[in-house]
Structures are given as structure tokens and as C-alpha cells.
Amino acid sequence: MSGQTNSPSPSLEVKDKPLGTDNTLLQQDGVRYVEAAGNGNGEPEPRVTLRSWLALLAADLAYFAQLINLLGAGVQAKTIATHLGNPDQGAWFTATITIFTVVLAPIFAQGADYWGRKWLLTILLLFGVVGSIIVSRSTSVNMAIAGFSINGISNAGQPIFHTIASEVMPRKWRGYAQASSFSAVALGSVTGLLLGAGLNRTNNPLSNGFRTYFYIATGIYFVSAVLVVFTYYPSKTVKQRELKGQGEDSIMAKLAKLDWVGYILIAAGIVLFSLGLTWAKNPYPWSDPHVAVTFALGLFFLACLVVYETWFKKDGLFHHDLFTRNFAIACYCIFAEGLAFIASNSYFSYEVLTLYQHNALLVSTDYSIGFLTAMLAAILTGVYCSIVKDVKWITVAAFVIFTAFFAGMAALERTTAHSVVWGLPVLLGAGLGIILNVVVVLAQMSTPPHLIAAATGLIMSLRSLGGTVGLAIHQALLSDELGKLPVRVADVAIAKGLPESSVSAFVGAILGGNQTALASISGVTTDIITAGTNAKLDTYVLGFRYIWIAAAAFVALAAILSLFIRDLKSEFNMHIDAPVERKTSLTDGESI
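Each residue of the sequence shown is one higher than the last, beginning at 1 in the UniProt record's numbering.
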């Protein structure tokens, strides 16, 4: 918005908009607005009423519902997949959610500019209701994957949550607004962890606890949808007003403005890339066409996407007006955060349950410490950003903390004391709480106001892309190492004197954790059982270590890139991009 003072003109409509420093008239998009009185310090007084806070609450509860779903898909994946008779397919539960988020988040973010936020968000939350019901009633892994896929459609509404949180509050308060969003994420994560563990604290795959869990998720999704319907009343977006003024507000005209070529290329590239990596060593070798061809096609489509968005489509999925230095850095940082979050969400509990603690409730309690720390870190980050008006050094610090967490996880041994593991989630939480808050603020502050939804959609898509790519890489690393388990267990058993005729049965019993079968195998001694068990656990240690090292490399690079963030102090002002208060026209009383 221009800062110049203008005289009223009969050819321009005059409307009340509480954004100025005096009772003056400013022009934007062909409309002159009456400005509210300022605060005397060069910044306008914010007009934040109950309606704004209710809009923020609605967005936060919707985020809470999504994290309940995501945590159920990640932490309970192995239990659900084993219960449904296919334990090797649990990685697909989280993968489907992240893939759908990557592909659909930019579409819905742009669509929210053209059709408005409210009803699109409500429909997406109802997808969560349907998906959670399907998961709760699953009788096969394929049915569960279908349910999580529908939940993935719902999760693609994440950019709308962040957009609402930022644009209904003054720009100076965006740190607080994003802190509230991450607090919802943290509370949803803690609730999901403890609820899931409480419903199946023994980690028994025969338990139906996950069904109750997703019944509860269904209810939370439904309540959040109702809250959005009855509390969130946004005004029309800039794009809606522009299209209406140009006579291009029909459904077909709006659909034509979306970047369908870009959406198709990113969908094909990400799905094939992830599928190829997930199949690598699970069960196919890299040379098998299932892996090699699928992976190569994925890279080809992603390369086509880069070419198309760089030289042929300047206002599409990767709108060229977005890409300042700061926004480009924010894109990589959120990609690295997504990769790191999925690594911890999928493998922290898995490793602790495998090596140190078999009580799922205690493990989830341990992991939840990270999210409680994250909530506190997000709030303190909001305070820091609003007072100090800095995003650079706190971003660097967050990624250094993240790197320390992954280094600590990589250093774990089979014999490491469990008490050491309890402290590591504090580092994880501190990194998460700062990064998701400050990187979203960085991206939005570096973006023209009319592109904030598109920018947030791209940021959230890249976060999920990081999770998708990370999950595929991590699963491939772990699968490759676990493929060596039978040989390693057999070698140590033979070295300890086990007869070769008993090796096959011994390996099967060790890998399956069947103590009854072990006792009945000819030639087995306590020493041999201990050696075989240790070989199994040491192989898991190596597999997990490669995951943590890979994640550490990505976040360490983000810490280095964060050093090049440009100062944004001037952007921390009291301007509200999209107030939800009713703005009354002075000429005809029309509400906009």
C-alpha cells in the first residue's frame, strides 16, 4: 500500500480500512480507504478484536487435528501394519500423507486466493473425517493406505492455517501468530503420542488400540471443521476482488489460472522418485527395473519441472516474484526441517523401542518431551522476533541445535544408558520450535502481501517434500543395513559353535524375537543367544546411525545458508494484511 496522502475523488469508492497513521485516504487496487488514527509512533493502532482471535483459534485447532493424524501414521505405523498382516509396508502410511501434501498444498494455497479460505479449509477438514474413519475400520494394509491418502488430502490445508494465522494479525506479531500455530502442532503431537501409547502401551500388534485412536481423530477433525464454519468470517481476498472487477470470477476462469503443468510434473516426479527409493533394498536391488527405472523417471519429471518453472511459467507454482535471497534460503531451510522432522518422527521411537525400552507409553513420554520443549521454544521465538526484530541469528542457532541433536543420536550405541536418550528430545524440541516459527515468518516477510498464500503453500509443500525425500532416503538406508541381518546373526552363531544344521532355525527365531523357539533349537546355549541378539541390535544401531548422519548433513547445510539471510527489521510493523473485521463502504454500505 502506498504511503502517500490523496484527496477524495468521486470516481473512486471510499471504504473504511484500519491501516493508516491518520484520518487520511490511501489508494490500493483502485479503491480509496479511510485510515484509522495512528498510535503516534509512525505505526497504526492494530484493530484486533475477538473475531481475529477466533479465526486464529480455528486455524490452530485444525492444525491440532492434523498432527493427531500424522503422529498416528508415523509412530504407530509398525504396529498397524503388523496388525494388518504386512509389517514391511508401514512406511507408506506417512509417505502417502507427505506425498499428497507436497502435490496438493500449492494447489489449495493458490485456490484459497481465488475461492477464499473458509469453505476450502472446511472441505479439507471433512476429508480428514473420512480418512480417519477408513483407517479406523481398516482390514488390510491397502485399505489403511487409502485412508491415510485421504488424510493426506486434508493435510494439504497446512499453508492455509499459516496464512490465516499471519494475515489476521499485525505483521509485528507474526512471531506470536506462528508460535500459536506451532503450539497447536506441539500439543497435537504430545496428545497423539500419549494417546496412541496409552491405547497400546505394550506395543502389541494384536491390539485394536489404533482403531480407537482414529475414532478420536475423526471427532477432532469434525469439531475443527465446525469451529471454522462458525467462527471464521474472512473478507474477500485481493485476487477475488481483482477477478470480480475483471469479470473473470467464474469457476473455469479461476481454474485456468492454476499451474496445472507444474502440478502434474511435481506429482509425477515426487511419486516416482519416492517409490523408487522406497523399493530400493525393500525388496528389490538397485539394479532391478522397479527401482532403477522408477527412480530415473522421477528425476526426469523433476528436471522437467525445473526447466518449465524457470523458463516457461513465471507466475506458476514457483512464482518468480517470490524468489528473493531470503525466500530462497527459507525454502531450503523448511525443506531441511521437514526432512529432519520426519526422521525423528519415524525413527526416534522405533530406535528406542528396539534398543532401550519396550514400554511404548514410556517411549512416547520421552519423545513428547521434545514437543513440550518445542512449544516453549516457539513462544519464546515469537517474543524474540517481535522485540528484537531478528530472524537471522535465531535461525542459525536453531539449525546448530538441530545438528547437535542428530549428532547425539548418531553417537548412540547398544550399550548407551537410556537416561542419555531421555535428554536428546530437548534438543530436538528446541530446534523444531524455533525453526517452524521463524522460517515461516522469514518467508512471509520476504513476500509481497498478495502472494502470501502462494508463498506459504510453496513453503509447506517444500516442508512435506523434505519429509517425503527424507523418508525415502532413510528407509533405503535402514533397509540396506537390515538386509545384512541374517548373515551377521548366522556368522556370530557359527563362530560361537552352533551346529550348521541349527543356523537357519536360530536366525529365524532371533529375528522374530521368539524365545520359546530359541530354547528348543539343538546346540543353542545362553552365550550363543546373547551373541546373536547383540549382532541383531548392533545392525539396527548402524542402520539408525546412517539415518541420523544423513539428516545431520541436511540441517548443517541449512545452518550455513542461514548466515546469508538479509535484515528484515523494517518489515516488523503493525500493518494487518487481511483483517477479518467488517469494513464498511462509505458510499454504499457494502461489506467487503
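Positions of the beta carbon are idealized from the N, C-alpha and C atoms, including for glycine.
- Looking from the CA of Ser-446, the closest CA among Cys-333, Thr-381, Ser-479, Arg-325 belongs to Arg-325.
- For the 7 Å CB-CB criterion, Ala-62 and Leu-125 form a contact.
- Here the segment 515-533 does not lie against the segment 549-566, with fewer than 3 beta-carbon pairs under 8 Å apart.
- Judged by DSSP in its simplified three-state form, Tyr-308 adopts helix.
- In this structure Gly-543 does not touch Val-489 by the C-beta definition: roughly 14 Å separates them, more than the 8 Å allowed.
- DSSP places Thr-278 inside the alpha helix (DSSP H), whose first and last residues are 260-279.
- Residue pairing by DSSP places Tyr-284 opposite Ala-280 in a beta bridge.
- Around the CB of Asp-567, fewer than 16 other CB atoms lie within 10 Å, so the residue is classed as exposed.
- Within its own chain, the residues whose Cβ lies closer than 7 Å to the Cβ of Pro-448, once the five positions on either side in sequence are excluded, are Asp-321, listed in chain order.
- For Pro-234, the three-state secondary structure derived from DSSP is coil.
- A direct Cα-Cα distance of roughly 48 Å separates Gly-128 from Asp-491.
- Setting aside the 5 residues that flank it on each side, Ala-197 is surrounded in the same chain by Ala-360, Leu-361, Ser-364, each with a C-beta closer than 6 Å to its C-beta; the list follows chain order.
- Annotation for Arg-463: Ile-334, Gly-338 place their beta carbon closer than 6 Å to its own, counting only its chain and skipping 5 residues before and after.
- Between the segment 62-73 and the segment 179-188, the count of Cβ pairs shorter than 8 Å is three or higher; the stretches touch.
- By the CB criterion at 7 Å, Ala-165 and Ser-181 fall inside the cutoff.
- Judged by beta-carbon spacing, Leu-458 lies beyond the 7 Å limit of Tyr-546, meaning their Cβ atoms are not closer than that value.
- Between the segment 258-274 and the segment 301-313, the count of C-beta pairs closer than 8 Å reaches three or more; the two stretches touch.
- Counting along the chain, no alpha helix (DSSP H) covers Pro-448, and no H or E run does either.
- About 6 Å separates the beta carbon of Ile-97 from that of Ala-73, a gap short enough to meet the 8 Å contact definition.
- From the listed residues Gly-370, Thr-415, Val-141, the smallest Cα separation to Leu-194 is found for Gly-370.
- Within the segment 62-116, the complete alpha helix (DSSP H) segments at least 4 residues long are 77-83, 91-115, listed from N- to C-terminus.
- Only residues of its own chain outside the window of five on either side were considered, and among them Gln-76, Thr-79, Ser-207, Gly-209, Phe-210, Ala-360 have a CB closer than 8 Å to the CB of Asn-200, listed in chain order.
- Every alpha helix (DSSP H) stretch that sits fully inside the segment 474-516 and reaches 4 residues is listed by chain position as 485-495, 503-512.
- Where Arg-545 is concerned, the enclosing alpha helix (DSSP H) starts and stops at 526-561.
- Three or more Cβ pairs drawn from the segment 420-439 and the segment 338-349 lie within less than 8 Å of each other, which places the two stretches in contact.
- The distance from the Cβ of Leu-317 to that of Pro-106 is about 5 Å, consistent with a contact at the 8 Å cut-off.
- Counting C-beta atoms within 10 angstroms of its own C-beta, Asn-345 has 16 or more neighbours from the protein chains shown and is therefore classed as buried.
- When secondary structure is reduced to three states using DSSP, Ile-216 falls in the helix class.
- The three-state secondary structure of Val-391, taken from DSSP, is coil.
- DSSP places Lys-314 in the coil class of the three-state scheme, outside both helix and strand.
- Following the DSSP letters along the chain, one finds Ser-349 inside the alpha helix (DSSP H) bounded by residues 325-355.
- In the structure shown, the three-state DSSP call for Ala-156 is coil.
- The DSSP-derived three-state label of Pro-289 is helix.
- Around Phe-161, the same chain offers Ala-59, Ala-62, Tyr-63, Ser-181 as residues with beta carbons nearer than 7 Å, after the five sequence neighbours per side are excluded.
- If you look at Ile-251, you'll find it in the alpha helix (DSSP H) that goes 251-256.
- Nearest to Leu-471 by C-alpha distance, out of Phe-93, Thr-82, Gly-85, is Phe-93.
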